[in-house]
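Notes for the one structure printed next.
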């Protein structure tokens, strides 16, 4: 599967290099920063304060749902 | 039936049939491959993805459509293949929430939703370009005074 991925330098401008990646649709291409951001977000999620702050949030959402239904 | 003491949720009974297999773990938790999805009335609409391997790891998750009615994500063929998806209606889409001390600053990760094929009990966190930000506020700042 890995032999049909093409990486090209599209443009070099000053200290900026633009890279083009051509890959079949079943291959996902993402920048490493995205993975880093998601990893950090998952780790922060795992330390969410539970359950007190969640109860408060839950009440907010249930209140919002009631308001939407006009109750 | 197995007993688990979750740091976040206390004592839990785990039924084998409710175990979801994440062959690649979650991003940042690559070694955690078995989770259960827990619903609790007092935290609804937020549910919990509780790791069976590490009782300290429980991630709040929520159906994104409950907050953003027009939310959509775009799994790749590879994602659908690894989830053994036969019908899209078998797939549950959830987003991971970060609920801080002040819950009104809660954010959800619209960029990397968790997909669960509940027919096969297979899960995978995907990267979905164009679906939104990694940290999207669920309550806009201007509505906080409500």
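Residue numbers (our numbering), protein chains in the order written: chain A, 220 to 290; chain B, 1424 to 1569.
We put the CB at the ideal spot given by N, CA and C, even for glycine.
- Message: Would you say residue 1529 (chain B) lies against chain A (beta-carbon separation less than 8 Å)?
- Response: With its beta carbon less than 8 Å from one in chain A, residue 1529 (chain B) belongs to the interface.
- Query: Rounded to a whole number of angstroms, what is the C-alpha to C-alpha distance between residue 1445 (chain B) and residue 1458 (chain B)?
  - Reply: Distance between the alpha carbons of residue 1445 (chain B) and residue 1458 (chain B) is about 7 Å.
- Message: Please report the straight-line C-alpha distance between residue 1473 (chain B) and residue 1481 (chain B), rounded to a whole angstrom.
- Response: Distance from the CA atom of residue 1473 (chain B) to the CA atom of residue 1481 (chain B), rounded to whole angstroms, is 4 Å.
- Message: For a minimum of 4 consecutive residues, which ranges assigned as the alpha helix (DSSP H) are wholly contained in the segment 1470–1552 of chain B?
- Response: Counting only runs of 4 or more, we get 1500–1505.
- Mind checking which residues open and close the alpha helix (DSSP H) that includes residue 256 (chain A)? Run containing residue 256 (chain A): 251–265, per the alpha helix (DSSP H) assignment.
- Using a Cβ cut-off of 7 Å, pull out every chain B residue sitting near residue 256 (chain A), in sequence order please. Those within 7 Å of residue 256 (chain A) in chain B are 1557.
- Query: Closest to residue 1532 (chain B) by CA distance: which of A:278, A:283, A:258, A:276 is it?
  - Reply: Each of A:278, A:283, A:258, A:276 was checked against the Cα of residue 1532 (chain B), and the nearest Cα belongs to A:258.
- Query: Residues in its own chain within less than 6 Å of residue 1435 (chain B) by CB, not counting five upstream and five downstream?
  - Reply: Leaving aside the five residues that flank residue 1435 (chain B) on each side, the residues in its chain whose CB is nearer than 6 Å to its CB run, in chain order, 1427, 1429.
- Message: Please list, in chain order, the residues of the segment 229–243 of chain A that have any C-beta partner in chain B closer than 8 Å.
- Response: From the segment 229–243 of chain A, no residue has a Cβ closer than 8 Å to chain B.
- Message: I'd like to know whether the C-beta of residue 261 (chain A) is nearer than 8 Å to at least one C-beta of chain B.
- Response: At least one C-beta of chain B is nearer than 8 Å to the C-beta of residue 261 (chain A).
- Task: Report yes if the C-beta of residue 238 (chain A) is less than 7 Å from at least one heavy atom of the ligand ZN; otherwise report no.
- Result: Ligands displayed in this structure: none; no statement on the ligand ZN is therefore possible.
- Query: Roughly how many angstroms separate the alpha carbons of residue 280 (chain A) and residue 231 (chain A), rounded to a whole number?
  - Reply: Here the alpha carbon of residue 280 (chain A) sits roughly 49 Å from the alpha carbon of residue 231 (chain A).
- Span of the beta strand (DSSP E), counted from its first residue to its last, around residue 239 (chain A): Run containing residue 239 (chain A): 235–241, per the beta strand (DSSP E) assignment.
- Task: Assuming residue 260 (chain A) contacts residue 1539 (chain B) (C-beta within less than 8 Å), just tell me the rounded distance between them.
- Result: Residue 260 (chain A) to residue 1539 (chain B), Cβ: 18 Å. No contact.
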